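Residue numbering for the sequence shown follows our numbering, beginning at 2 and increasing consecutively.
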Amino acid sequence: MSQSPVDDFSEAALVSYQQGWQALNRLLHEDRSFSGHERHSAYLNCGSGAFANVSAVTGLDFAEDGRAIGLVDWNFDGLIDMWITNRTAPRLRFLLNQTETSNRFIALYLEGNGTTTNRDAIGARVEALDFEQPLIKTKYAGEGFLSQSSGWMHIGLGRRDDPVRVEVKWPNGRPEVFEGLEPDAFYVL
């Protein structure tokens, strides 16, 4: 792909630029890759500041041109499922998480009041308290290229069985504490 002309507007530079766009359009219409078959990738946080590429062992290293991922608990079983979009076929792929685990979670859906805090609570920060290190999540309006994950915020609790206390810092700056949230449950706050 040729670079956009910045300083050189000669006929030769413009012809090269137009040829680059024609080649790109040809690739698009032939449903071919123009970015080198970007395989999907998955990385495992090793906890020491390092990450391990686990794409192959998780089965996520599909060969199509990956573009975006949306995370959602599609069947409300506490496991995060994935919608994956691609540049080439299949354009959309759904991956249902069927992992057997004894780990616990809580799922939170935040709703602002619409006057002092936006209705979707975009910008709210959730902190699960009573842990060695606080578990923190922030509510975003978008995540990644042409994608949006679920509005539910999942917080993994490990094997914790006792109720959880969370603090929500709403976008208007007001903090609010919610106590007694039982594991493996969904809450609208």
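C-beta atoms are modelled at their ideal positions from N, C-alpha and C, and glycine is treated no differently. Since the structure is predicted, the reported quantities are computational estimates derived from the model, not experimental observations.
Skipping 5 residues on each side, what residues in its chain have a beta carbon closer than 7 angstroms to that of Ala-191? Since the first residue of the chain shown is 2 and the last is 190, residue 191 is not available in this structure.
Proximal residues to Met-2 (C-beta, below 7 angstroms), its chain only, five neighbours per side dropped: Here the model assigns Met-2 a pLDDT of 45, short of 50, so the residue's position is not dependable and the matter cannot be decided.
Contact set for Asn-98: own chain, Cβ-Cβ below 7 angstroms, skip 5 residues either direction: Leu-80, Ile-81 and Asp-82
Measure the alpha-carbon distance for Thr-116 versus Ala-122 and round it to whole angstroms. 11 angstroms
Identify whether Thr-59 lies in helix, strand or coil by the three-state DSSP scheme. Here Thr-59 sits in helix by DSSP.
Just checking my contact of Ala-69 with Ser-148 at CB under 8 angstroms: how many whole Å lie between their CB atoms? 3 angstroms
Any idea if Ser-103 is buried or exposed, counting beta-carbon neighbours within 10 angstroms, 16 or more meaning buried? Exposed, by the Cβ-count rule.
Exposed or buried, which one is Leu-130 when buried takes at least 16 other CB atoms within 10 Å? exposed
Between the CA atoms of Ala-125 and Asn-119 - distance to the nearest angstrom: Roughly 10 angstroms separates the two Cα atoms.
May I ask you to report which of helix, strand or coil DSSP gives Tyr-18? helix
List the endpoints of the continuous beta strand (DSSP E) containing Trp-84. 82-87
Can you give me the C-alpha to C-alpha distance between Leu-158 and Ala-186, rounded to a whole angstrom? Going by the C-alpha atoms only, they are around 12 angstroms apart.
Exposed or buried, which one is Ser-11 when buried takes at least 16 other CB atoms within 10 Å? exposed
Over what stretch of residues does the beta strand (DSSP E) that includes Leu-111 continue unbroken? Here Leu-111 belongs to no beta strand (DSSP E), and DSSP marks it neither H nor E.
Leu-28 (DSSP reduced to helix, strand or coil): helix
Strictly by DSSP, which residues pair up with Pro-176? Lys-170
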